[in-house]
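Chemist:
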Amino acid sequence: MKTALATVSISGTLREKMEAASKAGFQGVEIFENDLTQFAGSPVEVGKMAKDLGLEIIALQPFRDMEGNPRDIQKKRVEMLKRKMQVAHELGTNRLLMCCNVQPYASADRELCAADLRHLAEIAASEELILGYEALAWGKHIADYEDAWDLVKRADHPNLGINLDTFHMFSRGNTLDCLRDEITVDKIALVQVADAPVMPRTDYLTYSRHSRCFPGQGDMPVVEFVQVLKDKGFDDYLSHEIFNDEFRSSDPVAKAVDGMRSLIWLDDQTTPKHDIAIDNIEESASIREVEFVEFAVEGDSGDELVKTLAQLGFAETHQHRSKNVTLMRQGDVNLILNKEPKSQAHEYFQKHGVSVCALGFATDSVKHTLAVAEHYKAERFENQAGPGELNIPAIRGVGDSLVYFVNRDAGYRFFDVDFKPIDGVQGEQGVGLKRIDHIGQTVANVDFLSTGFFYKSLFGFDIQPSQDLPDIHGLVVSRTATNKDKSIRIPINMTNARSASAERFLTQTRGSGVQQIAFACDDIFTAAKNMDQEKVLTIPNNYYRDIEARFDLSEELIAKLKAHNILFDRNDQGEFFHFYTEQMHGVFFEVVQRVDGYDNYGEANAFVRLAAQAEQEKA
410 MKTALATVSI SGTLREKMEA ASKAGFQGVE IFENDLTQFA GSPVEVGKMA KDLGLEIIAL
470 QPFRDMEGNP RDIQKKRVEM LKRKMQVAHE LGTNRLLMCC NVQPYASADR ELCAADLRHL
530 AEIAASEELI LGYEALAWGK HIADYEDAWD LVKRADHPNL GINLDTFHMF SRGNTLDCLR
590 DEITVDKIAL VQVADAPVMP RTDYLTYSRH SRCFPGQGDM PVVEFVQVLK DKGFDDYLSH
650 EIFNDEFRSS DPVAKAVDGM RSLIWLDDQT TPKHDIAIDN IEESASIREV EFVEFAVEGD
710 SGDELVKTLA QLGFAETHQH RSKNVTLMRQ GDVNLILNKE PKSQAHEYFQ KHGVSVCALG
770 FATDSVKHTL AVAEHYKAER FENQAGPGEL NIPAIRGVGD SLVYFVNRDA GYRFFDVDFK
830 PIDGVQGEQG VGLKRIDHIG QTVANVDFLS TGFFYKSLFG FDIQPSQDLP DIHGLVVSRT
890 ATNKDKSIRI PINMTNARSA SAERFLTQTR GSGVQQIAFA CDDIFTAAKN MDQEKVLTIP
950 NNYYRDIEAR FDLSEELIAK LKAHNILFDR NDQGEFFHFY TEQMHGVFFE VVQRVDGYDN
1010 YGEANAFVRL AAQAEQEKA
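Residue 581 in our numbering sits at position 172 of the sequence shown; the count goes up by one each step and never skips.
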């Protein structure tokens, strides 16, 4: 199928939107009438601009309330559309999109409405144009696509077809039965695909204007919709029409790339596996675990970070052979401290200060993982390796950070080649921290959906439903990306509250990135005993009185938890113990112990942690 983007979907001027669509690889654009109206040039110039950018203008839209009006109003609507047909000619497009009537005076007489549409189609035929008729979810009498199809059938004109918009269909709970059993491919004038989170259907207009997102980022059965189209032999454009506040306040190129990634994913989901460009694309989920976390530091700026990590049992065990880079290890956790002046880490430090600049993922096949990433429009990062050093490939990740890929079963670890052990250091046992349990990334609200879809499309991660975490300054919204066996867990957090913890992190570090790293252990009390309690986040006494009552915990256990500021949770799966360090440079660490099958993150304690962190920042 061919790919298109309605200009209303992204931010910028009309030229910026079209340039972004072209750069992202779209083949066509729908021109939203408002974008054209505010453009200083003529429609002919827009048509030339599209041609120069390698884009086809597939439609001019939207035109509203075109059927069932009182006769004096209908006459004016017909004259208006005739003028817009001339604009379409100047743009170089042969399709106009018409939305159903939403006016209170609209007639419910379907024969009258069909006659109006037939008359408009006759005019379109004389102009060699195609009209697409669309049901809006809030239409006065035509709100379901089945009813729009009924009018198109009644009008019975070759220059009139139905426009299928997944948002309007699924927001009203429509099934695919009519599309599957009745609508023929030759009568589909245009297809627009959008997704959205499931929400109560009370105000369709507000829902439509603010909650749409790209397919794969929401909860609607868009994959099933496209599969039905393909089964019917449809091979025309799939076009995005997205109304979303965050999208229209984001970088247009980044959002256009997100949109193209979504359509590629949608196509892959509905294509036989042997016909997809990448062999075994579903096996991109062979991302095994976090191989390393890399920090950008400079001079003595990371001293506080190193001191806290040392108390957590980490030691600098390896020195890079040619660069100012050291490795701290414990169990199977690898933390890189990069002070190299000529490096991506240095550039990252200049912009964000001491922070996590990269993640390293272990994979069954670096070559395959890279091929999948590039298939989904990920941007490669060309690393600079010295003689005899590993040239670890990377892509651009969340914010300005990188994601590196290493072969887990290569017979050696990355530090065996590029690093040399530091004499006399035996720090790998530490205090019993075994591996990274999860990594929390905080992103701007405009990047929340795209970050989840980044992990979903490139790596096959599962994206859990969003949940609200109560911050004393507002809500933090969180959803978690996990690989298949949950050896990698990445909670993704955002907020719309100006003073909430997530927004404070974004302000302090000047951008989206890693805010939290949680380490797993089998004995949290051993780990806690090594910590300087001044570096541990202080938990209020009232919390311990609360969990003592709720969980009927013994006085002895409460005393041990309280002594080390350890939090507790229990559910049907098992128990969870965890404590937090204070924040430094916006980042904090967590130590967790999962007992039996506990699979959550202690979300019930989030409000206590967020309040304690706010108090720490005041001190």
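Beta carbons are placed, not taken as given, at the ideal position from N, Cα and C, and that holds for glycine.
#1: Closest by CA to D932, which one among T889, P750, R898, L970?
#2: Could you tell me whether the Cβ atoms of D640 and F623 are closer together than 8 Å?
#3: For S617, which of L1019, F934, D574 has the nearest alpha-carbon?
#4: If we count Cβ pairs, one from each stretch, closer than 8 Å, do we get three or more for the stretch 577-588 versus the stretch 546-566?
#5: Could you name the residues of the same chain whose beta carbon sits closer than 6 Å to that of R979, not counting the 5 residues immediately before and after it, in chain order?
#6: Which ranges would you report for the beta strand (DSSP E) in the stretch 586-669 if only whole runs of at least 3 residues count?
#7: With DSSP as the reference, identify every bridge partner of Q470, one or two as the case may be.
#8: For F985 and A544, I'd like the C-alpha separation in whole angstroms.
#9: Quick check on the DSSP output: the alpha helix (DSSP H) that includes N950 runs from which residue to which?
#10: Which whole-angstrom value describes the C-beta separation of L946 and E991, a residue pair presumed to lie in contact below a C-beta threshold of 8 Å?
#11: Opposite G983 in the DSSP bridges: which residues?
#12: Within this structure, are the beta carbons of I440 and I419 separated by less than 8 Å?
#13: Throw me the rounded Cβ distance for the F988 and A937 pair, which I believe falls under 8 Å.
#14: Considering only the alpha carbon of each residue, which of L878, S896, R789, A415 lies closest to P661?
#15: Can you tell me the Cα-Cα spacing of N939 and V834, whole angstroms?
#16: On the DSSP bridge assignment, give the partners of Y989 in chain order.
#17: Measuring CB atoms only, is the stretch 858-874 touching the stretch 1008-1025, in the sense that at least three cross pairs come out at less than 8 Å?
#18: Pull the bridge partners of H994 from the DSSP assignment, please.
#19: I want to know whether the stretch 797-816 touches the stretch 760-771 - three or more CB-CB distances under 8 Å.
#20: Of all the alpha helix (DSSP H) runs that stay within the bounds of the stretch 825-891, which reach a length of 4 or more residues?
#21: Decide if the stretch 496-514 is in contact with the stretch 450-465; the criterion is three or more beta carbon pairs, one per stretch, under 8 Å apart.
#22: Comparing C-alpha positions only, which one of V855, Y646, G849 sits nearest to A890?
#23: Just to confirm, are I804 and R789 a CB contact at a threshold of 8 Å?
#24: Where does H784 land, buried or exposed, given buried means 16+ other C-beta within 10 angstroms?
#25: Closest to E707 by C-alpha separation, out of E1026, L878, V765, would be which residue?
#26: For S451, does the count of other Cβ atoms within 10 angstroms reach 16, so buried, or fall short, so exposed?
#27: Flag this pair as touching only if the stretch 821-833 and the stretch 773-780 have three or more C-beta atom pairs under 8 Å; answer yes or no.
#28: Does the separation of the CB atoms of D645 and V702 fall below 8 Å?
#29: Using beta-carbon positions only, say whether L560 and R519 come within less than 8 Å of one another.
#30: Out of M410, H550, G570, K432, which one is the CA nearest neighbour of W558?
#31: In three-state terms, what does DSSP make of M427?
#32: Would you kindly work out how many angstroms separate the C-alpha atoms of K865 and I872, rounded to a whole number?
#33: Are the CB atoms of K460 and A665 nearer to each other than 8 Å?
#34: Leaving out five residues on either side along the sequence, give the residues of the same chain with a beta carbon under 7 Å from the beta carbon of Q636.
#35: Please check the pair Q982 and G1006, which I expect to be a contact at CB under 8 Å, by giving their CB distance rounded to whole angstroms.
#36: Which two residues bound the contiguous alpha helix (DSSP H) that contains L545?
Modeler: For this structure:
#1: L970
#2: no
#3: D574
#4: yes
#5: F960
#6: 597-602, 646-649
#7: F441
#8: 50 Å
#9: 950-960
#10: 6 Å
#11: D1005
#12: no
#13: 6 Å
#14: A415
#15: 18 Å
#16: E999
#17: no
#18: H994 is not bridged to any residue.
#19: yes
#20: 857-868
#21: yes
#22: G849
#23: yes
#24: buried
#25: V765
#26: exposed
#27: no
#28: no
#29: yes
#30: G570
#31: helix
#32: 7 Å
#33: no
#34: T679
#35: 4 Å
#36: Premise fails: L545 is in no alpha helix (DSSP H) and is neither H nor E.
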